[in-house]
Amino acid sequence: MIPVQTNVANAPVEVEGSWNAAFDAPSRAPLERALATWIMTRRWYRTKSREVTAARVRTSFTLPSEAPAKVLFVDVALDDGRTDTYVVPLAVVHGDEAETFRRATPGDVVMPLTLQRDGEHEDDGVMIDGLACPRFLRDWLDAFETARTIASDEGGQSRLRFQGRDLGDGSKLAPKRLAREQTNTSVFYGDRFVGKVVRKLDEGVSPDLDMGRGLTEGGYAHTPALAGWVELESGDEPSTVGLIHAQVPNRGDAWEHVLGVLDEWLATVRGAPPNLGPGDLFDHAMRPRDAVVTKAIGPYVNLAELLGRRIGEMHVVLAGHTGDRAFTPMVIDASSREALVAMARRDLTKLLDRLAQRDSTRAESDVRTAADEATRTLLRHRHVLFSRLDRVLGLDDAGVRMRVHGDLHLGQVLFTGTDFALIDFEGEPARPLDERKAKRSPLVDVAGMLRSFDYAAASALRKRSPDEQSTLAPWARFWRDAVSSALLGGWLSSTAKTTILPASIAAKHALLDFYLLEKAIYEVHYEMDNRPDWIDIPLGGLLAILERHDPLDEPPSGPERKRA
Ligand SMILES: Nc1ncnc2c1ncn2[C@@H]1O[C@H](COP(=O)(O)OP(=O)(O)O)[C@@H](O)[C@H]1O
Ligand SMILES: O=P(O)(O)O[C@H]1O[C@H](CO)[C@@H](O[C@H]2O[C@H](CO)[C@@H](O)[C@H](O)[C@H]2O)[C@H](O)[C@H]1O
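First residue of the sequence shown? That's 1 in the UniProt record's numbering, and the numbers climb one at a time after it.
Listed below in structure tokens is the structure:
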């Protein structure tokens, strides 16, 4: 491995005779140094709290392309001793095109180059991110259309295998990389396809691919059809490198949409909101919606119900995909329940430690925020949180565990104007691949959506002045509860003929509460790491769960306390 040096990318590397030489010795050493710095500064670099100490090209593939182009698999050594592998497509451009990249999108430039022929300077160029290069992107799509298999440059067994399904001729489709920074890199091909290139490589088949295959084969219409995939074949199981899906015409994602709806709606409300009636979420979800509620919320309540139905229909298809063992639903037996609770307890313990640390840091501050108060309350009532999780251990019947979306929230749903499409089946990116593909109760996805409505209501409220916030807060809660029961109602109606849930209503309650708690715990961790300003939203979610009166809660001196 070549150790990292700073600023290596500024010194042009001389290549002799042909731009293709830029990938090989003697350019390989400066390229690996440049890659170490470049990868570490990308949005998709996953371990931002760790430095890259060195990078080494593990294997490379030459893409038949107009531009000198390769797909590199780069092993990146981290300062904690771990090694991750990144997928790095690269292309070389020169002349005016190189100058444009240098000026307009310098972040795409991995390394400047100069071409020498017979000792004379001939041209200047740059090695760039291949996914920023339209020629590379056209050749990438062509590789799917022609189901190309490419042997590695080093010889040996490694192959890059592209497979396509009815892609047709995409040569006229203008490729465009998605401007928004994300975990992976997405490319739009005209209005027909969306390609995703995985950045951090996981060993094995991505859930995005096997779920896409399962749903497409099961005839589920509310997710983009899988049109192609590319895998690295080098060991027992192939590793997913990229995917192509049909593009779904949309009006943005359901998160953006709902925030717009809520802003407009909150501007129209007056007085006090109607009452949702006696009972809790399940009770409201299972009885016909009161006309007063439908009138007060407006058309969105029907959309929420439709979204619930679409999610339920997805679960029905997934539960019915029994030809493939990876999908066959299994009973949540005693040992699964124990494993489930043990994992959630571990995450809660970690969270409470982090919150205690936060509390002691914040103790010196003159201003006490709502998040500070929530933190104190949660720390004081930790035993209740643990005992709510433990409730699942006592269930005789907890329904089934099966393949689920696993990271469902409003940002993973496209709104078409009248309907929804569910996307991005990769699971929570921070978890290892086997956990992301694990079978879980479908209520995981329902809980993800319910938490998202809570986020939406809280985010809409945060945009208002403090005075407005106090008058609008009851309305925001009413909205959240009404759309949540509509979504749950839609989900329950579309899954009514299945046995994926436990039969008893008490068990359904306990399970949904468990997953709401689990998700809110995950979200507080997520916000602490990524958006500390948002932490009050999931803390509020945890408080709401805590404050829901439940006669079964254990007293503070119970055994849970010792186990925590
Ligand atoms: N099939 C599709 N049709 C239209 N837009 C899509 C499609 N798939 C993804 N997108 C857009 O691309 C974005 C990123 O896709 P996503 O699968 O969420 O990537 P990531 O795994 O990097 O988060 C989405 O938020 C959406 O705006
Ligand atoms: O989309 P990702 O798979 O990267 O999901 C991560 O980031 C999400 C934020 O972008 C985060 O979602 C949380 O915030 C959303 C609003 O921004 C809200 O709708 C979700 O309900 C809430 O969980 C997600 O948790 C995280 O995994």
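Glycine included, C-beta positions come from ideal geometry on N, C-alpha and C.
Given the structure is predicted, the values throughout are model-derived calculations rather than measurements.
By the DSSP assignment, the alpha helix (DSSP H) with residue i in it spans what residues?
i           : result
residue 491 : 466-494
residue 383 : 382-390
residue 111 : Here residue 111 belongs to no alpha helix (DSSP H); instead the beta strand (DSSP E) covers 109-117.
residue 519 : 505-530
residue 28  : 28-40
residue 428 : Element bounds for residue 428: n/a, residue is neither H nor E.
Given this structure, state the Cα-to-Cα distance separating residue i from residue j, to the nearest angstrom.
i           : j           : result
residue 10  : residue 33  : 12 Å
residue 339 : residue 333 : 10 Å
residue 3   : residue 249 : With a pLDDT of 48 at residue 3, under the threshold of 50, the modelled position of this residue cannot be trusted; read the value that follows with caution. In a straight line, the C-alpha of residue 3 is about 46 Å away from that of residue 249.
residue 208 : residue 537 : 28 Å
residue 435 : residue 514 : 18 Å
residue 379 : residue 366 : 20 Å
residue 328 : residue 407 : 20 Å
residue 272 : residue 129 : 55 Å
residue 108 : residue 305 : 43 Å
residue 397 : residue 498 : 15 Å
residue 115 : residue 97  : 15 Å
residue 453 : residue 284 : 16 Å
residue 414 : residue 382 : 37 Å
residue 546 : residue 387 : 10 Å
residue 44  : residue 282 : 39 Å
residue 410 : residue 254 : 5 Å
residue 191 : residue 134 : 16 Å
residue 474 : residue 263 : 15 Å
residue 561 : residue 385 : Here the model assigns residue 561 a pLDDT of 41, short of 50, so the residue's position is not dependable, and the following value carries that caveat. Roughly 10 Å separates the two Cα atoms.
residue 29  : residue 83  : 19 Å
residue 8   : residue 246 : Caution is warranted here: a pLDDT of 42 is assigned to residue 8, below 50, making its placement in the model unreliable, and no coordinate value can be reported.
residue 86  : residue 158 : 16 Å
residue 251 : residue 178 : 16 Å
residue 71  : residue 63  : 7 Å
residue 418 : residue 257 : 12 Å
residue 226 : residue 217 : 10 Å
residue 280 : residue 139 : 55 Å
Of the choices the options, whose alpha-carbon is the least far from that of residue i?
i           : options            : result
residue 446 : 130, 484, 49       : 484
residue 59  : 39, 88, 67         : 88
residue 35  : 63, 251, 90, 79    : 90
residue 270 : 47, 468, 53, 65    : 468
residue 331 : 137, 63, 500       : 500
residue 78  : 69, 172, 50, 85    : 50
residue 481 : 404, 325, 373, 274 : 274
residue 486 : 449, 470, 522      : 449
residue 267 : 465, 48, 65        : 465
residue 394 : 508, 141, 69       : 508
residue 168 : 294, 178, 183, 141 : 141
residue 260 : 300, 489, 206, 358 : 300
residue 202 : 173, 174, 227, 233 : 233
residue 221 : 182, 155, 314, 495 : 314
residue 539 : 441, 374, 437      : 374
Between the beta-carbon of residue i and the beta-carbon of residue j, is there less than 8 Å?
i           : j           : result
residue 195 : residue 244 : yes
residue 161 : residue 230 : yes
residue 451 : residue 520 : yes
residue 81  : residue 123 : no
residue 311 : residue 491 : yes
residue 341 : residue 390 : yes
residue 307 : residue 420 : yes
residue 336 : residue 401 : yes
residue 113 : residue 15  : yes
residue 146 : residue 198 : no
residue 73  : residue 153 : no
residue 193 : residue 164 : no
residue 100 : residue 132 : no
How far does the beta strand (DSSP E) with residue i in it reach, from first residue to last?
i           : result
residue 186 : 185-189
residue 586 : One cannot answer for residue 586 here, as it falls past the ends of the chain, which runs 1 to 564.
residue 86  : 83-94
residue 58  : 52-62
residue 409 : Here residue 409 belongs to no beta strand (DSSP E), and DSSP marks it neither H nor E.
residue 162 : 159-164
residue 70  : 69-78
residue 123 : 120-129
residue 151 : 149-151
Using a C-beta cutoff of 8 Å, does residue i count as contacting chain D?
i           : result
residue 397 : The structure shown contains no chain D; it holds only a single protein chain.
>> For a minimum of 4 consecutive residues, which ranges assigned as the alpha helix (DSSP H) are wholly contained in the region 243-329?
In response: 254-266, 281-286, 291-297, 300-320
> Can you give, in chain order, each stretch of the alpha helix (DSSP H) that sits fully within the region 195-237 and has at least 4 residues?
Replying inline: 207-217
> Of all the alpha helix (DSSP H) runs that stay within the bounds of the region 432-463, which reach a length of 4 or more residues?
Replying inline: The DSSP assignment places 433-436, 443-462 as complete runs of the alpha helix (DSSP H) inside the region 432-463, in order along the chain (cut-off: 4 residues).
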